[in-house]
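For what it's worth, the working numbering labels the leading residue of the sequence shown as 51, then goes sequentially. For glycine and all other residues, C-beta sits at the position ideal for the given N, C-alpha and C. Nothing here was measured: the structure is a model prediction, and the numbers come from that model. To start, the structure itself, in structure tokens.
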Amino acid sequence: MKLGEDFYRRILEESHDEICVSDKDGVMLFCNKSFEENYGISKDDMIGKGVEYLQENGYATKSPIPKVILTKKKFTIEQKTHTGKTLIITAIPIFDSNGDIEYIMENVRDITELNEIKHELESKEKEVLKYKSEVETLYKSTLRYEDEVICGGPIMEPIITTAKRIANANVNVMILGESGTGKSSIARYIHRISKRAKKPFITINCTTIPSHLLESELFGYKAGAFTGANSKGKVGLVELADGGTLFLDEIGDIPLDLQAKFLQLIQERTFIPVGGVKPKKVNIRIISATNADIMAKVKDKSFREDLYYRLNVIEIKLPPLRKRGENLIKMIRYYFKRYCKEFGVPDKTISREAVNVLSKYSFPGNIRELQNIMQKIVLTSPGDCINASDLPYIIDFKSEIKNPTKDKDVGRNDNLNNMANSIKYNSDNDELNFDDIMNEFEKIIISDYYSKYKSTYKIAEKLGISQSKASRLVRKHLNSDS
Ligand SMILES: Nc1ncnc2c1ncn2[C@@H]1O[C@H](COP(=O)(O)OP(=O)(O)OP(=O)(O)O)[C@@H](O)[C@H]1O
Ligand SMILES: [Mg+2]
């Protein structure tokens, strides 16, 4: 079928993009319907006029045609019209057989709407950046400076070493320990030294969110999921933690029906918002903590066993302060110094004897109680040096010290004290240096435990050290292994 001139004319006429053709001097020969929409003038008014007519009469900004005539090359510009449109014009020279310009064809696309969408997108992007920086500030404020982790001493060092070792492995960690032993601090510490440090650390305290709100707080909800819900829906805490760490505090207290949802989250890293059907994916590291006897909860079936094993891939057990030995002494000194500085008495000192007396207290409230006591001592003790005799006037635990807690391990501590006393040295004897003394002490402990338990596994368990360390110590001091 042969297509006639009328066919081409109609096609050009109906084109959504504006099409114009001028002669070699820029005088308009043809334009289609879209021209009228773009400039608000009729085609008949334009045909026969030079392109400069539009600019000179305020219908539009610059035309690309003069430059095409000058350079004999294709040229594209953005043009604004008095009708408020933004146009992208590409002007193409069409040559005769001598290589001279015969016509110039313009292809004109209206990008006004596209621009509006672009601006909307830009302003949304700005808004997102604003919220992002707000969230960053928020989660940075949860990683407070006071999270200085005092980790010295043979009881705490292996725990911190474990925390460091597992920080970058994407395994779930469960932190156990009495109230105030530093579970939340260790969780934040692991996040801070991990590759996720620049992403959010979101804490969910499973006991403080009312149980009927817990699910929507955690997983968010779809628009109109339930009466009273925000009409736009809501992003849950789990989604906010994407890329970072989700800290489930007081995990022992979550209701059974939510435990099933957690299982899905942990196994598949997906969750379904309230009122939704499609699972959403998240990339999170889960750290949980509890001061409850979680094993007892597993046994009485108030905590799902499968969930327990998923959460407890790595277990970090924080001992109470009264069992930390050297770490407790470091902690006393650290908080004494810190509060002296904070309260503006940087030259105050505390005697070794006073530290010794304090270290024998049972600290049922652990580090939080230690902080309170140290604040009291710094603020209320008279004189520049705090001696043991100052303590009973300041704090009310004199009777505690005289009648130490009935803790089952106190017997062991007494035992260790006796061992310490059996090391024959006094501080005036400068023949023994610190390493020699510690070595001697280590030998007494290892010999004593080895004669009692005859197994490095048992010694490791009793002393809270790794089996390889127990084995190394036995080899070092007793020249044998088991
Ligand atoms: N290793 C540490 N060195 C110094 N201070 C610490 C250490 N660990 C924790 N703290 C401080 O002790 C206080 C209690 O710690 P944290 O809140 O982490 O305890 P917790 O076990 O989570 O308590 P709870 O069971 O009440 O939630 C905090 O002020 C914290 O900064
Ligand atoms: Mg806590």
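>> Output needed for residue 569: all residues of its chain with C-beta closer than 7 Å, excluding positions within five of it in sequence on either side, in chain order.
In response: Residue 569 cannot be examined here, being either before or after the span of the chain that is shown, 51 to 532.
> If we count Cβ pairs, one from each stretch, closer than 8 Å, do we get three or more for the region 75-85 versus the region 56-66?
Replying inline: yes
>> Tell me the rounded alpha-carbon separation between residue 498 and residue 528.
In response: Roughly 11 Å separates the two Cα atoms.
> Which class does residue 413 belong to by DSSP, given the choice of helix, strand or coil?
Replying inline: coil
>> Given a cut-off of 8 Å on the beta-carbon distance, is the pair residue 416 and residue 231 in contact?
In response: Contact: yes.
>> Given this structure, state the Cα-to-Cα distance separating residue 103 from residue 293, to the nearest angstrom.
In response: 58 Å
>> Between residue 200 and residue 384, how many whole angstroms is the CB-CB distance? I'm expecting something under 8 Å.
In response: 5 Å
> What does DSSP give as the partner residues of residue 227 in its beta bridges?
Replying inline: 368
>> Following a CB-centred definition, is residue 233 positioned closer than 7 Å to any heavy atom of ligand 2?
In response: Checking every heavy atom of ligand 2 against the Cβ of residue 233, one is found closer than 7 Å.
> So residue 331 packs on residue 320, CB below 8 Å; how close in whole Å?
Replying inline: Indeed, because the Cβ distance is near 5 Å, the residues count as touching under 8 Å.
>> In whole angstroms, give me the CA-to-CA distance for residue 268 and residue 140.
In response: 53 Å
>> By alpha-carbon positions, which one of 262, 374, 245, 241 ends up nearest to residue 253?
In response: 241
> Excluding five sequence neighbours on each side, which residues of the same chain lie with their C-beta closer than 6 Å to the C-beta of residue 212?
Replying inline: In its chain, beyond the 5 residues on either side, no residue has a beta carbon closer than 6 Å to the beta carbon of residue 212.
>> Can you list, in chain order, the residues of its chain with a C-beta nearer than 7 Å to that of residue 362? Leave out the 5 residues immediately preceding and following it.
In response: 224
>> Within a Cβ cutoff of 6 Å, which residues of the same chain sit near residue 284, ignoring the five residues on either side of it in sequence?
In response: 270, 271
> What three-state label does DSSP hand residue 97 in the structure shown?
Replying inline: Looking at residue 97 - three-state DSSP - the assignment turns out to be coil, as it is neither helix nor strand.
>> Only counting the same chain, and skipping five residues up and downstream in sequence, which positions put a Cβ closer than 6 Å to that of residue 76?
In response: 100, 101, 115
>> DSSP has residue 255 in a bridge; who is on the other side?
In response: 299
> Can you find a heavy atom of ligand 1 that lies under 7 Å from the Cβ of residue 341?
Replying inline: If you check the C-beta of residue 341 against ligand 1, you find a heavy atom less than 7 Å away.
>> Out of 413, 408, 390, 422, which one is the CA nearest neighbour of residue 433?
In response: 390
>> Quick check: the region 369-381 against the region 204-222, are at least 3 beta-carbon pairs closer than 8 Å?
In response: Three or more beta-carbon pairs separated by less than 8 Å link the region 204-222 to the region 369-381, which places the two stretches in contact.
> Buried or exposed: where does residue 435 fall if 16 or more other Cβ atoms within 10 Å of its Cβ makes it buried?
Replying inline: exposed
> If residue 237 sits next to residue 316, beta carbons under 8 Å apart, how far is it from one beta carbon to the other, in whole angstroms?
Replying inline: Contact flag wrong, Cβ pair sits at about 16 Å.
> Opposite residue 436 in the DSSP bridges: which residues?
Replying inline: Bridge partners of residue 436: 400.
>> Taking 8 Å as the threshold (C-beta atoms), are residue 227 and residue 380 in contact?
In response: no
> Are the CB atoms of residue 124 and residue 151 nearer to each other than 8 Å?
Replying inline: With respect to residue 151, residue 124 sits apart: the two C-beta atoms are not nearer than 8 Å.
>> For residue 157, list the residues DSSP reports as bridge partners.
In response: 69, 140
>> Closest to residue 266 by C-alpha separation, out of 289, 246, 249, would be which residue?
In response: 289
>> DSSP has residue 335 in a bridge; who is on the other side?
In response: 295
> Could you give the distance in angstroms between the alpha-carbon of residue 449 and the alpha-carbon of residue 311?
Replying inline: Residue placement at residue 449 is poorly supported in this model, since its pLDDT is 41, which falls under 50; the coordinates are not used for a value here.
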